[in-house]
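Sequential numbering from 0 applies to the sequence shown in numbering that gives the first Met the number 0.
Ideal placement from N, C-alpha and C gives every residue a C-beta, glycine not left out.
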Amino acid sequence: MEIEVVTASSNKQLAKLHGLNQSTTILDVKKQLHRLISVSRTNVARALQVFLVEYFGPLALYLLTVSRPSWIYGQYASRHNMDVAVKIAAGCWSLHYVKRLLETLFVHRFSHGTMPITNLFKNCSYYWLFGLYIGYYVNHPLYTPPALGPVQVYGGLAAFLCKQTLQCLFEGQRFNKCRVFSGTKERRIPVPTSNPFTLLFEFVSCPNYTYEVMAWLSFTFMTQCLPGKNFNVP
């Protein structure tokens with residue numbers, strides 16, 4: 000005998016209990032349901048931890064190249080005056096990954112599917128290595144300031160902040176509403192609405208990634224450093 004557990008509002012199945020018979024008590028049902036819920040929560044927590052770890056790594060490694068240059072470039076590196084573009088780049092990098100960490104905690108929803116442990120190594124390798132790679136060159140004592148000077152630096156900064164703001168507003172307004180029920184994999188098909196931040200759905204499938212690419216192209220223009228562009232390639 001089986002028992003389906005559904006939501007009261009929509010009759011959507013939340014869990015199915017197997018192996019029940021006439022001698023099964025209410026306590027047995029509660030224990031089996033508790034085990035299913037515990038496993039589900041563990042999977043969601045594991046996915047959350049993976050995203051937190053992969054986003055904290057590049058933030059810490061990049062700031063390490065800024066705050067402890069003597070560890071990376073040698074003992075005389077700390078005597079080098081930091082260009083304004085380098086300082087602004089560190090602020091932009093920090094803003095981006097702090098935003099990602101906050102979105103992971105308060106905006107994004109995770110399904111109950113199991114997060115493969117291989118994802119941790121794959122994602123962390125990508126984000127952590129690029130954080131160190133970009134930080135190494137942007138914060139290098141021999142870093143060359145942008146050719147167009149303040150116009151290029153502040154123009155790139157304005158574009159970066161604009162794209163980050165648009166992405167932040169888009170994430171909160173749209174994708175958080177695409178999932179029909181919290182904890183499920185079911186999604187609504189995203190379509191443009193009266194919300195102006197969803198207009199990109201007329202042209203691309205994933206506007207949030209479009210904003211992301213545009214933000215990092217702005218970062219590359221601002222710093223005039225090729226590793227920033229390479230971050231978009233994978």
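Using CA coordinates, which residue listed in the options is at the minimum distance from residue i?
i, options, result
"Asn80", "Leu198, Asn118, Ile133 and Thr143", "Thr143"
"Cys224", "Cys161, Leu60 and Gly155", "Gly155"
"Gln163", "Gly148, Val97 and Asn118", "Val97"
"Pro206", "Gly227, Leu165 and Trp215", "Leu165"
"Ala84", "Leu198, Tyr208 and Gly148", "Gly148"
"His94", "Lys121, Tyr136, Phe159 and Phe120", "In the sequence under discussion, the amino acid at residue 94 is Leu, which differs from the His named in the question. Minimum Cα distance to Leu94 is reached at Phe159."
"Gly90", "Pro226, Val212 and Ala157", "Ala157"
Pop quiz: residue i and residue j are said to be a contact at Cβ under 8 Å. What is the actual Cβ separation, rounded to whole angstroms?
i, j, result
"Gly73", "Cys123", "Actually they do not touch by this definition, with Cβ atoms about 28 Å apart."
"Tyr153", "Glu53", "Actually they do not touch by this definition, with Cβ atoms about 31 Å apart."
"Pro145", "Pro68", "With 8 Å as the limit, Pro145 and Pro68 do not qualify as a contact, their Cβ atoms being about 20 Å apart."
Please classify residue i as buried or exposed, where buried requires at least 16 other C-beta atoms within 10 Å of its C-beta.
i, result
"Val203", "exposed"
"Phe230", "buried"
"Ala214", "buried"
"Val43", "Low confidence applies here, because Val43 scores a pLDDT of 48, under 50, leaving its location unreliable; read the following figure in that light. Buried is the call here."
"Ser66", "exposed"
"Trp70", "exposed"
"Val137", "buried"
"Arg99", "buried"
"Tyr208", "exposed"
"Phe105", "exposed"
Residue j and residue i - do their beta-carbons sit closer together than 8 Å?
i, j, result
"Leu62", "Leu131", "no"
"Ala76", "Thr222", "no"
"Thr219", "Gly134", "no"
"Leu51", "Thr103", "yes"
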